[in-house]
Amino acid sequence: MRRHIFDPEHEQFRDAVRRFMVAEVAPHAARWRQQGQVDREVFRKAGEQGYLLMWADEQYGGAGVEDFRYEQVLIEENMRHGEPGFFMTLHSRLVGPYLGKLGNDEQRARLLPGCIEGRSILAIAMTEPGTGSDLAGMRTHAEEHGDHWLLNGSKTYISNGQLADIVIVAARTVPDRRHGLGLFVVERGMEGFERGRNLHKMGLKAQDTSELFFNNVKVPKRNVLGDARQGFSYLTRFLVEERLLGSVGYLAYAQTAWDLTLDYVRERRAFGKAIGAFQNTRFKLAELRAQLDALQVFVDHCVLEHNAGRLNSDTAAEAKLLTSELEGRVMDECVQLHGGAGYMEEFRIARMYTDARVSRIYAGSSEIMKEIIARGIGLDDRKMQ
Ligand SMILES: Cc1cc2nc3c(=O)[nH]c(=O)nc-3n(C[C@H](O)[C@H](O)[C@H](O)COP(=O)(O)OP(=O)(O)OC[C@H]3O[C@@H](n4cnc5c(N)ncnc54)[C@H](O)[C@@H]3O)c2cc1C
Numbered sequence: 017m018r019r020h021i022f023d024p025e026h027e028q029f030r031d032a033v034r035r036f037m038v039a040e041v042a043p044h045a046a047r048w049r050q051q052g053q054v055d056r057e058v059f060r061k062a063g064e065q066g067y068l069l070m071w072a073d074e075q076y077g078g079a080g081v082e083d084f085r086y087e088q089v090l091i092e093e094n095m096r097h098g099e100p101g102f103f104m105t106l107h108s109r110l111v112g113p114y115l116g117k118l119g120n121d122e123q124r125a126r127l128l129p130g131c132i133e134g135r136s137i138l139a140i141a142m143t144e145p146g147t148g149s150d151l152a153g154m155r156t157h158a159e160e161h162g163d164h165w166l167l168n169g170s171k172t173y174i175s176n177g178q179l180a181d182i183v184i185v186a187a188r189t190v191p192d193r194r195h196g197l198g199l200f201v202v203e204r205g206m207e208g209f210e211r212g213r214n215l216h217k218m219g220l221k222a223q224d225t226s227e228l229f230f231n232n233v234k235v236p237k238r239n240v241l242g243d244a245r246q247g248f249s250y251l252t253r254f255l256v257e258e259r260l261l262g263s264v265g266y267l268a269y270a271q272t273a274w275d276l277t278l279d280y281v282r283e284r285r286a287f288g289k290a291i292g293a294f295q296n297t298r299f300k301l302a303e304l305r306a307q308l309d310a311l312q313v314f315v316d317h318c319v320l321e322h323n324a325g326r327l328n329s330d331t332a333a334e335a336k337l338l339t340s341e342l343e344g345r346v347m348d349e350c351v352q353l354h355g356g357a358g359y360m361e362e363f364r365i366a367r368m369y370t371d372a373r374v375s376r377i378y379a380g381s382s383e384i385m386k387e388i389i390a391r392g393i394g395l396d397d398r399k400m401q
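All residue numbers for the sequence shown refer to the numbering used here, where the first residue is 17 and numbers rise by one.
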């Protein structure tokens with residue numbers, strides 16, 4: 017299907033990104049999956065190309081490019097030709113903006129250049145062993161003491177958790193207010209900040225997802241982002257973009273799975289013909305094709321809406337819900353069409369199946385997306401009798 021949202025500059029950019037993914041990411045992917053994390057070096061290389069935090073101001077070394085379509089291209093090419101466990105976008109566009117948009121001049125000048133160059137890798141820590149979807153229930157807390165905040169607690173399932181040099185940690189700052197949270201910049205080497213295990217996941221094996229511990233970490237006041245009691249509203253402010261980032265990636269990964277399955281069913285033979293000749297195969301791939309095309313139009317629309325500053329949280333939740341659910345269906349059908357090969361890790365589709373399972377869980381689960389959409393249409397259980 018022809019897409020209408022890209023200009024020739026985006027297409028040129030896509031060619032360059034594709035070459036980067038093919039040369040600098042794909043050849044290392046199997047080793048990264050084995051070692052449970054990407055090499056730090058790949059962030060440096062992406063930084064050299066200007067692919068990190070592209071939105072950041074030129075005075076910090078960024079390109080000053082707010083146009084979301086460039087990030088969309090980076091995500092799509094990483095999904096197709098790179099390695100989905102390389103969380104470049106989490107670094108650039110999910111965590112980076114907390115520093116860029118909430119940080120003051122001193123914080124931006126101090127922290128952004130290293131992130132743009134790929135010397136400092138970013139993570140964000142909200143989830144805890146006891147709470148994920150219900151963020152307001154977090155127990156990690158920070159107390160104000162003169163020139164610093166004393167941070168205590170633990171986080172889990174944190175992406176880039178082993179590699180991160182800067183972790184934005186959400187912590188309770190007002191004990192008796194559910195939404196009384198602050199956001200703290202915790203840096204590698206701060207006393208009392210420790211990393212736990214690199215967790216063993218069913219998929220996304222190249223992604224270092226970890227536990228983090230904070231034991232009387234003295235976070236200097238200059239490392240507090242914005243108002244130390246408004247963290248909850250800051251977190252919700254960035255969720256629209258986070259869901260759009262996810263949607264772009266889930267759909268691109270599903271498209272990739274569909275394409276490689278089409279190749280497979282043309283080659284693989286059973287009962288004297290290509291399995292692609294069976295009506296079931298043709299209809300399955302036809303149905304998925306139609307759904308992928310329809311959703312691509314919707315996601316591209318959301319990207320343009322976001323560029324225009326109009327994407328609202330309900331629509332972003334719809335995109336996240338639909339793309340992650342479709343991704344799951346595509347992966348499942350594509351494994352089925354591969355037969356036994358689809359269950360073998362040496363076939364890419366088997367890895368894609370497990371990689372994709374988390375899309376319906378993280379960045380707000382499908383159930384939470386439905387809650388948001390339902391509230392948006394006026395069915396808010398909190399206000400109903
Ligand atoms: C690979 C991976 C990477 C991650 N990266 C990060 C990261 O970088 N930073 C970070 O902070 N977190 C991260 N997370 C955490 C992730 O965001 C949470 O796992 C997710 O928000 C779900 O929270 P939970 O695991 O506590 O599940 P729970 O909240 O315990 O949910 C369990 C089930 O209950 C359902 N449920 C919960 N509330 C409701 C409700 N109100 N109505 C209906 N159903 C409901 C959920 O949908 C789910 O099906 C990551 C997780 C994974 C798996």
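For every residue, glycine included, the Cβ atom is placed at its ideal position computed from N, Cα and C.
Because the structure is a prediction, the values reported are computed rather than measured.
Going by C-alpha positions, I21 is about 44 Å away from P236. For ligand 1, a non-hydrogen atom lies closer than 6 Å to the CB of I174. Contact check between the segment 189 to 209 and the segment 253 to 263: fewer than three CB pairs, one atom from each, fall below 8 Å, which does not count as touching.
According to the DSSP assignment, V351 belongs to the alpha helix (DSSP H) that extends over 329 to 354.
In the three-state reduction of the DSSP assignment, P24 falls in the helix class. Taking C-beta atoms as the reference points, D224 and Q75 fail to come closer than 7 Å. Residue environment for D371: buried (at least 16 other C-beta atoms within 10 angstroms of its C-beta). CA-CA distance, R109 to I91, rounds to 11 Å.
Within the same chain, and ignoring the five residues on either side of Y359 in sequence, the residues whose Cβ sits closer than 8 Å to its Cβ are V351, A366. Under the criterion of beta carbons closer than 8 Å, A273 and M368 qualify as touching, at roughly 5 Å.
M142 has its CB nearer than 6 Å to a heavy atom of ligand 1. When only Cα atoms are considered, F102 and A158 end up about 31 Å apart. Take Y86, set aside five residues on each side of it, and the residues of its chain with a beta-carbon closer than 8 Å to its own are H26, F29, M70, in chain order. In summary, E64 is exposed, with fewer than 16 beta-carbon neighbours lying within 10 Å of its beta-carbon over all protein chains present. Going by C-alpha positions, L220 is about 28 Å away from P129. The DSSP assignment places complete alpha helix (DSSP H) segments of no fewer than 4 residues inside the segment 224 to 261 at 247 to 253, in order along the chain. A distance criterion of 6 Å places the beta-carbon of Y378 in contact range of ligand 1, judged by its closest non-hydrogen atom. The alpha-carbon of E210 is positioned some 34 Å away from that of R96.
If you draw a 10 Å sphere on the C-beta of P100, you find 16 or more other C-beta atoms in it, and that means buried.
When the beta-carbon positions are compared, S170 and F248 stay at least 7 Å from each other. Distances between the C-beta of V374 and the heavy atoms of ligand 1 include at least one below 6 Å. It is roughly 29 Å from the alpha-carbon of T277 to the alpha-carbon of M385. Here the alpha carbons of A379 and E343 stand approximately 15 Å from one another. For R19, the closest of V319, Q312, L138 by C-alpha to C-alpha distance is Q312. When the alpha-carbon of R376 is set against those of G212, A335, G288, the nearest one is in A335.
Under DSSP, the beta-bridge partners assigned to K289 are A286. Unbroken alpha helix (DSSP H) stretches of 4 residues or longer found wholly inside the segment 44 to 70: 45 to 51, 56 to 64, given in chain order.
In this structure, K234 is the residue among K234, Y173, I174, M400 with its C-alpha nearest to the C-alpha of G208. Residue pairing by DSSP places K171 opposite L228 in a beta bridge. Annotated three-state conformation of I182 is strand, per DSSP.
Between V346 and the set Y269, E383, L395, the nearest pair of CA atoms involves Y269.
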